[in-house]
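Report on the following structure.
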Amino acid sequence: MIDQLLNAKDLAKSFEDGASTRAVLRRISVSLKAGETLALCGPSGSGKSTLLNLLAGVIAPDAGEVWLTLPDGSMNLASLSEKQRSAVRRRHMGYVFQFFNLVPTLTVRENVLLPLELAGREALAEEALSRLSSLGLDTRLNDFPETLSGGERQRTAIARALAHRPLLVLADEPTGNLDAERSEGVVSELWKAVREQGCALVVATHSEAVAQRADRVLRLDAPPSEGA
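Take any residue in the sequence shown, note its place counting from 1, add 984, and you have its number in the working numbering.
Following this line, the structure appears as structure tokens:
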């Protein structure tokens, strides 16, 4: 098992906003071991989603490094091309997007099995479908995303993120569209994956109940705007 999985150093990210520049993150460092959980907390606009996207290589930092230690060696995501970062995500990461990002033309079953096909891990199909049952979606396997409730879409997205047994799972407000009972089921499923698969988990959340379950909590403050 990989010990030190993630080591992000001095990350900074700004976005242009009309005539001004907004510095969302300044010199943020994060480290994570396999089997460890980290909660990102803070008000809206504090950079939780941006930090997740940097750690996943969805976007590149303005400054800083994101080092991953994988079975085939260590790499700095910030130095890779977009195509290379995408390949790393597809093979080694699971991402629960805040707004689901399900493929609308695929059924629940097909959405969850898609990462297995992309990663060449079709042998995990039975396990992935069993997780759908655990999340209460066994009667929705052949339905399309547009017919699902927000909570059902969220649970489908979580099952998809865990399907290929990723080394690193990143979840953006995974309980944001769920009632208390469903929230507990989803959180339990995420922590079960950490416990049984030895993956690392980073979760952005407004829920103190979710944060309290994490090994560590990183609290972010909303930065002030800057003139261009």
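Built from N, CA and C at the ideal position, the CB exists for glycine as well.
* Express the C-alpha separation of Leu1132 and Gly1169 in angstroms, rounding to a whole number. => Rounded to the nearest angstrom, the two C-alpha atoms are 18 Å apart.
* Asked: Which full runs of the alpha helix (DSSP H) of 4+ residues lie inside the stretch 1103–1187, going along the chain?
  -> Counting only runs of 4 or more, we get 1109–1118, 1134–1146 and 1164–1181.
* To do: List the DSSP bridge partners of Asn1060.
  => Answer by DSSP bridge pairing, in chain order: Trp1051.
* Asked: Apart from the five residues on each side of it in sequence, which residues of its chain come closer than 6 Å, Cβ to Cβ, to Arg1203?
  -> Excluding its 5 nearest sequence neighbours in each direction, Arg1203 has C-beta neighbours in its own chain below 6 Å: Cys1025 and Gly1026, listed in chain order.
* Does DSSP classify Ala992 as helix, strand or coil? -> Here Ala992 sits in strand by DSSP.
* To do: Mind checking who Glu1066 pairs with in its DSSP beta bridge?
  => None; Glu1066 has no bridge partner.
* **Boundaries of the alpha helix (DSSP H) in which Thr1189 is found, first to last residue** => Annotation: Thr1189 is outside any alpha helix (DSSP H) and is labelled neither H nor E by DSSP.
* The beta strand (DSSP E) enclosing Ala1007, as first and last residue numbers -> Ala1007: member of the beta strand (DSSP E) spanning Ser1004 to Lys1017, first to last residue.
* Exposed or buried, Arg1179, counting other C-beta atoms within 10 Å across all chains shown (16 or more means buried)? -> Label assigned to Arg1179: exposed.
* Report the partner residues of Phe999 according to the DSSP bridge assignment. => In the DSSP output, where bridge partners are listed per residue, Phe999 has Arg1006.
* In terms of alpha-carbon separation, which member of Gln988, Ser1172, Arg1137 and Leu1185 lies closest to Arg1093? -> Each of Gln988, Ser1172, Arg1137 and Leu1185 was checked against the Cα of Arg1093, and the nearest Cα belongs to Arg1137.
* What number of angstroms, rounded off, separates the C-alpha of Arg1069 from the C-alpha of Arg1075? -> If you draw a straight line from the Cα of Arg1069 to the Cα of Arg1075, it is about 10 Å long.
* Asked: Starting from Ala1040 and walking both ways along the alpha helix (DSSP H), at which residues does that stretch end?
  -> Note, Ala1040: alpha helix (DSSP H), Lys1032 to Ala1040.
* Do Leu1100 and His1148 have their C-beta atoms within less than 7 Å of each other? -> A contact, by the Cβ cut-off of 7 Å.
* Relative to the C-alpha of Ala992, which residue among Ile1043, Ala1188 and Asn1060 is closest? -> Taking only the C-alpha atoms, the option nearest Ala992 is Asn1060.
* To do: Answer with buried or exposed for Val1008, where buried requires no fewer than 16 other C-beta atoms within 10 angstroms of its C-beta.
  => Of the other Cβ atoms in all chains shown, 16 or more fall within 10 Å of the Cβ of Val1008; this residue is therefore buried.
* Tell me, which residues are paired with Cys1201 by DSSP? -> Reading off the sequence shown, one finds Val at residue 1201, where the question assumed Cys. The partner list for Val1201 (beta bridge, DSSP) reads Ala1023.
* Asked: What separation, rounded to the nearest whole angstrom, lies between the Cα atoms of Ala1195 and Val1201?
  -> Between Ala1195 and Val1201, the C-alpha separation is close to 7 Å.
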